[in-house]
Structures are given as C-alpha cells and as structure tokens.
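What follows is a set of notes on a single structure, which appears directly below.
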Amino acid sequence: MTTADTDGEHGPTNGGAGGGGGRKFGDIRIGGVRGSTVSFGDHNRIVNAPQSEMACDPAYEELLEAVRQLAADLERMVPGPEVQALSNELATAQDEIQRTGRAGAGRLARVRALLQDASASIGMLASGVAVGQAVGVLLGG
2 MTTADTDGEH GPTNGGAGGG GGRKFGDIRI GGVRGSTVSF GDHNRIVNAP
52 QSEMACDPAY EELLEAVRQL AADLERMVPG PEVQALSNEL ATAQDEIQRT
102 GRAGAGRLAR VRALLQDASA SIGMLASGVA VGQAVGVLLG G
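Numbering (our numbering), first residue to last: 2 to 142.
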C-alpha cells in the first residue's frame with residue numbers, strides 16, 4: 002500500500018515519482034470497513050452517529066412513548082425497591098423495542114407485574130396508566 006503525505010510539500014512516501022512539490026498520491030486500497038465512517042479528500046465533515054431506531058408497529062410506538070414518559074417521571078421520584086425494579090425493566094424494554102421494533106410477551110408481562118407492584122408509588126402518574134394500557138393492548142387484555 003502506498004501512503005501519501007498530504008501537507009503539500011512532499012511526494013509519495015514510498016519513493017515513487019516525486020519532485021516539484023505538490024501532492025502526489027499512490028494506490029490506496031481498503032479491504033473493508035464496518036461500524037465506522039471513512040472519508041477521503043479535503044475539507045470533509047464526518048458524523049458517525051448511532052443508527053436510527055428500528056421502525057415498529059404503531060402499538061409498540063405508543064408503548065415506547067409511554068415507557069419514555071414513565072421513565073422520565075420515575076427519575077423525579079425517590080426510588081423505593083419497587084420503583085427501582087420498574088425503572089430497570091422499563092429501560093430494558095425501551096432498549097429492546099428500539100433495537101428490534103417490539104418487546105417479547107415475557108418482557109411485557111414483567112412490566113405489567115412491576116407496574117402492579119409499584120402502584121402505590123406511581124398510582125397518580127398518568128404515564129404509569131398509559132404504559133399499563135399500552136401493555137394491555139399488546140398482551141390482549
């Protein structure tokens with residue numbers, strides 16, 4: 002592989018045709034790139050951001066939004082053990098929906114059970130009711 006000096010003052014670094022200053026480039030070969038961003042040329046701007054969320058069924062989109070709302074509400078509460086367990090399960094459910102576009106029935110059942118366990122603490126939160134309703138729709142009752 003030939004490398005090149007791009008400061009404009011030197012020729013190729015492998016002893017190729019040089020002289021006279023300016024830029025001289027040799028052959029550049031890249032076998033493969035995964036999970037990265039590559040750019041060639043001057044004045045490029047590279048942004049390597051996470052991939053967008055997986056598209057999902059409208060019922061899961063509704064659940065995802067309700068989970069986000071409830072998670073934000075729970076952050077403002079003093080966490081007891083029930084609230085902490087619910088918060089952890091909501092984070093896992095949110096991640097699963099974002100990655101796969103859905104959440105498994107087992108995960109939804111755990112969220113439902115944890116909502117019931119934490120009901121004394123979150124009973125007044127509309128976001129908790131929204132999550133419960135969205136889970137009920139997805140589990141069929």
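No residue lacks a Cβ here, since even glycine has one placed at the ideal position from N, Cα and C.
Using a 10 Å radius around the Cβ and a threshold of 16 neighbouring Cβ atoms, would you call residue i buried or exposed?
i       : result
Val-132 : buried
Gly-124 : exposed
Gly-20  : Below a pLDDT of 50, predicted positions are generally treated as unreliable, and Gly-20, at 49, falls in that range; no measurement from the model is reported.
Val-79  : exposed
Ala-60  : exposed
Ala-114 : exposed
Leu-140 : exposed
I need the straight-line Cα distance from residue i to residue j, nearest angstrom please.
i       : j       : result
Ala-106 : Val-138 : 12 angstroms
Ser-122 : Cys-57  : 30 angstroms
Leu-87  : Ala-73  : 12 angstroms
Leu-64  : Ser-128 : 10 angstroms
Gln-95  : Asp-43  : 40 angstroms
Leu-71  : Asp-28  : 55 angstroms
Gln-117 : Glu-90  : 13 angstroms
Gly-81  : Leu-75  : 10 angstroms
Ala-110 : Gln-85  : 17 angstroms
Val-136 : Arg-77  : 23 angstroms
Glu-62  : Thr-101 : 12 angstroms
Val-112 : Ala-67  : 12 angstroms
Gln-134 : Arg-108 : 15 angstroms
Glu-83  : Gly-142 : 23 angstroms
Val-130 : Arg-69  : 13 angstroms
Can you give the beta carbon distance from residue i to residue j, rounded, assuming they're within the 8 angstroms contact cut?
i      : j      : result
Ala-92 : Ile-98 : About 11 angstroms; that fails the 8 angstroms criterion.
Return the chain-ordered ranges of every alpha helix (DSSP H) run that is complete within the region 56–93 and spans a minimum of 4 residues.
You should have 59–76.
My parser needs the alpha helix (DSSP H) runs of 4 or more residues fully inside the region 95–119; what are they?
The qualifying runs are 106–118.
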